[in-house]
Amino acid sequence: MNSAQRIWPEGEQFTKPVTLQTNTGPLDVEITFTVPPFEAVVETWQNKDPEKSYPLFRQFLVDWDQEQKLTDTVLMMYLRAYEGASEAIFDAWATHMKEYIAANNLAYSQASGAIN
């Protein structure tokens, strides 16, 4: 991994806990996410085509800590079975990125002040 701080950490992976609401109660899952290219995030945000939704969503996920490996079939089963699963998963990714960008912005704003 590169030690230089980047504005957009494309390709970096991180793990976050996500609670999925199931029919039998909450299910805690550790999901490994990745940061796709910024353009992919914008395309996901602007997407209105239901056919593109899953492929765009899937590019944010690498794996999880459940017994079954995170395959497209398994993920689609969870997304269909448990309402709000996709929102919970994407919220975990978005929360991490907001924190990363805020910390990164602070570091860059301090550097630019030092130059002046």
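Position 21 of the sequence shown, counted from 1, bears residue number 720 in my numbering, the numbering being contiguous throughout. Glycine included, C-beta positions come from ideal geometry on N, C-alpha and C. Since the model is a prediction, treat every value here as computed from it, not as a measurement.
Asked                                                                                                                                                        : Found
Name the residue from Ile800, Met796, Ala791 whose alpha carbon lies nearest to the alpha carbon of Asp727.                                                  : Ala791
Got a sec, what are the start and stop residues for the alpha helix (DSSP H) Thr840 sits in?                                                                 : Only positions 700 to 815 of the chain appear in the structure, and residue 840 is not among them; the question remains open.
Start and end of the beta strand (DSSP E) containing Val728?                                                                                                 : 724–733
Can you pull the DSSP bridge partners for Asp748?                                                                                                            : None, per the DSSP bridge assignment.
Tell me which residues share the same chain as Leu769 and place their Cβ nearer than 6 Å to its Cβ, disregarding the 5 neighbours each side in the sequence. : Asp762, Trp763
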